[in-house]
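>
There are 2 protein chains.
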Amino acid sequence: MARTVAERSDILPMLAETFRLHGYEGASLGLISAATGLGKGSLYHFFPGGKEEMAAAVLDEIEGWFRQHVFEPLSAGDSGAACVRAMLASVDQYFESGGRVCVLGAFALSDVRDRFATSVHRYFSAWIAALSATLVRMGHSKADAAALAEETIAGIQGALVLARALQDRRSFKRTMNRLEQRLLSPAKHEPRRRATRRT
Amino acid sequence: MARTVAERSDILPMLAETFRLHGYEGASLGLISAATGLGKGSLYHFFPGGKEEMAAAVLDEIEGWFRQHVFEPLSAGDSGAACVRAMLASVDQYFESGGRVCVLGAFALSDVRDRFATSVHRYFSAWIAALSATLVRMGHSKADAAALAEETIAGIQGALVLARALQDRRSFKRTMNRLEQRLLSPAKHEPRRRATRRT
DNA sequence: GTCTATAAAGCGATAGAC
DNA sequence: GTCTATCGCTTTATAGAC
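Chains as they are written, first to last, in my numbering: chain A, 1 to 199; chain B, 200 to 398.
#1: With DSSP collapsed to three states, give me the class of M1 (chain A).
#2: For M375 (chain B), does the three-state DSSP call read helix, strand or coil?
#3: Quick one, which residues of the stretch 339-364 of chain B are near chain A if we go by CB-CB under 8 Å, in chain order?
#4: Below 7 Å CB to CB, which residues in the same chain sit around A285 (chain B) once its five sequence neighbours on both sides are set aside?
#5: So, is the C-beta of S331 (chain B) closer than 7 Å to a C-beta in chain A?
#6: Which of helix, strand or coil does DSSP assign to D259 (chain B)?
#7: Just tell me which of B:T333, B:S278, B:T374, B:R321 has its CA closest to the CA of A147 (chain A).
#8: Taking M253 (chain B) as the reference, which of B:W264, B:A226, B:G279, B:V269 has the closest Cα?
#9: Any residues in the stretch 208-226 of chain B with a beta carbon nearer than 8 Å to a beta carbon of chain A? Which ones, in chain order?
#10: Which of the three DSSP states is assigned to G222 (chain B) in this structure?
#11: Applying the 10 Å Cβ sphere with the 16-neighbour rule, what's the burial state of G23 (chain A)?
#12: Do E52 (chain A) and L12 (chain A) have their beta-carbon atoms positioned less than 7 Å apart in this structure?
#13: Any C-beta of chain B sitting closer than 7 Å to the C-beta of F124 (chain A)?
#14: With 7 Å as the threshold, decide whether the Cβ of T374 (chain B) is near any Cβ in chain A.
#15: If you run the structure through DSSP and keep just helix, strand and coil, what is C83 (chain A)?
#16: Looking at R368 (chain B) and G276 (chain B), is the spacing between their C-beta atoms short of 7 Å?
#17: Starting from the C-beta of Y322 (chain B), find all residues in its chain whose C-beta is less than 8 Å away, skip the five residues before and the five after it, and write them out in chain order.
#18: If you follow the alpha helix (DSSP H) that Q157 (chain A) is in, where does it begin and where does it stop?
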C-alpha cells in the first residue's frame, strides 16, 4: 500500500513521542527515522532546518493541543468548577496519570531551554493565565487566583517529576486529587466588600 | 604552581555543575574536561567507568549533601517548626531561589532515569520520608503528614521547572512561601483523640 | 517524495609516553 | 597523575540518484 502521501502533520505525533521519550539530545535522527519510518532525506525534505525545526514543530503542536483542549475550555460557558474539573481530567488523561512526561517541562529543565525559550515561556504563562482567569470567575481575588494557578501548574509539573522518579503513578493521582480539592474549595471572602455582582 | 594533587572529591563539584548545566547527554567529555581543567586521561584515571561513573558519583555526592544538610536536620532536637523552616531555607539557598536546577529532578524526566533509577528513587523517597516524620512530630496524622510531605517535594520540583520555564525566580520564591505557610499551619485535630502526650 | 551514500565533526573510550 | 594521539563509532547534515 502506497504511503507516499506523508505530510508534516502525519509524522508530528511520532516525532513528539520520540522527543518525549528521549529528550532533545537523546532523540537522534536515527531514532527519529526509525520511529517515523522515514529516511533522513525525507525528514530533511519536511524539515529543512533539521532537528531544531522538528523540535520547534513538536512544541508548537503540543502548545496548540493544550490551547484547544486545556486552556480554551477553561473559559467555556460552564461553571468555573466544571471548567476546572474538565481541565484536570484532560491533564490527567494527557499525561497518562504520570506515565508520560511533559516535553515542555523536560525542555525547561534541560540546556535547550534557551533555544526554545519563547515556546516554553508561552506554554506555561498561557496555562497559568487561563486558569487564573477561571479562578477569578469563581470568586477569587486576582492575587489569590494568580497564586492558586501558579501553585497548580507547579504542582502538576512537580507531580510528573515525582511520578517518574518514584516510578509510581499513584503519587501523581494523589497530587491531582489534592489540587482539585483546593481549586474547588470556596474562595475566601474578600475583607472589605462581599461578592457584589454588577449587572 | 603544582596542582598535581587532584583527588576525586576535588573535581566532583565542577563535575556536578557540568551535569547540572547540560544534563547527562549534554555533558560531553570535552565540556567536562574544560570545566575541570583535566584531560581525558586524568578523568579516566579517577573514573575508570567513564561518564556513567562520573554521573553516579555526582548523584551520590548530591544525595549525601542533602542527607546531611536537609534530611537529617529535619529530625534535629529543635521544634518541628524550626526544622521545617531550616529545611526550606537550605533548599532555597541550594537551588539559588530557582536559579539552579535539581540534577536528580532533571535526570528523572530524562531518558537516563532508568540507568540511575536507584539513586533517583532513593533521593526523593528519603526526602519525603524525612519531612513526613517531622510533620508527624508536629501533630499531623501519618496520612496527613505523608500527603503534605509529598505535596511539598512535588511543589519544590514543580517550582524549579516553572522558574526555569518563565525565567523568573520570583515564582519559585512565592511557591516556597506558600509551602512554608502550609507546613507551619497547625495540624488538624484528629477526630477521636486530642493530642495526648505519652510520658 | 524517498532513498542511499557520504561528508565533516564530535562523541566516549583507550593506549602509551612522560 | 597527567598528557597527547588515536581508535571506532555516532552524530547532524548534504548530495544526488530514482
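Don't be surprised by glycine CBs; every beta carbon is placed ideally from N, CA and C.
Since the structure is predicted, the reported quantities are computational estimates derived from the model, not experimental observations.
Looking at the coordinates:
#1: Counted from its first residue, the first sequence places residue 1 (chain A) at position 1. Residue placement at M1 (chain A) is flagged as unreliable, the pLDDT there being 44, under the threshold of 50; a coordinate-derived value is accordingly withheld.
#2: For this step, residue 375 (chain B) is matched to residue 176 along the second sequence. If DSSP states are grouped into helix, strand and coil, M375 (chain B) belongs with the helices.
#3: A346, E349, E350, I352, A353, G354, I355, Q356, G357, A358, L359, V360, L361, R363, A364
#4: Residue 285 (chain B) sits at position 86 when you count from the first residue of the second sequence. Excluding residues within five positions, the ones whose Cβ falls inside 7 Å are P272.
#5: If you number the second sequence from 1, residue 331 (chain B) lands on position 132. Judged by the 7 Å Cβ criterion, S331 (chain B) is not in contact with chain A.
#6: For the purposes of this step, residue 259 (chain B) is taken as residue 60 along the second sequence, with counting starting at 1. Reduced to three states, the DSSP call for D259 (chain B) is helix.
#7: For the purposes of this step, residue 147 (chain A) is identified with residue 147 of the first sequence, where counting begins at 1. Closest by alpha carbon: B:T374.
#8: Against the second sequence, residue 253 (chain B) aligns to sequence position 54. Checked all of B:W264, B:A226, B:G279, B:V269; the closest Cα to M253 (chain B) is B:A226.
#9: L220, H221, G222, E224, G225
#10: Stepping through the second sequence from its first residue, residue 222 (chain B) is reached at position 23. Helix at G222 (chain B).
#11: The residue given as residue 23 (chain A) occupies position 23 in the first sequence. Classification of G23 (chain A): buried, given that the 10 Å Cβ count is 16 or more.
#12: Residue numbering aside, residue 12 (chain A) sits at position 12 when the first sequence is read from its first letter. Residue numbering aside, residue 52 (chain A) sits at position 52 when the first sequence is read from its first letter. Not closer than 7 Å, so no.
#13: On the first sequence, position 124 is the one that residue 124 (chain A) refers to. Answer yes: the Cβ-Cβ gap between F124 (chain A) and chain B drops below 7 Å somewhere.
#14: As a position in the second sequence, residue 374 (chain B) is number 175, starting the count at 1. So, interface residue.
#15: Counting from one through the first sequence, the residue named residue 83 (chain A) turns up at place 83. DSSP places C83 (chain A) in helix when its eight states are reduced to three.
#16: The count along the second sequence starts at 1 and reaches residue 276 (chain B) at position 77. The count along the second sequence starts at 1 and reaches residue 368 (chain B) at position 169. Not a contact, by the Cβ cut-off of 7 Å.
#17: Taking the first residue of the second sequence as position 1, residue 322 (chain B) is located at position 123. Result list for Y322 (chain B): L258, I261, E262, F265, L303, in chain order.
#18: Within the first sequence, the letter at position 157 stands for residue 157 (chain A). Per DSSP, Q157 (chain A) belongs to the alpha helix (DSSP H) from 142-166.
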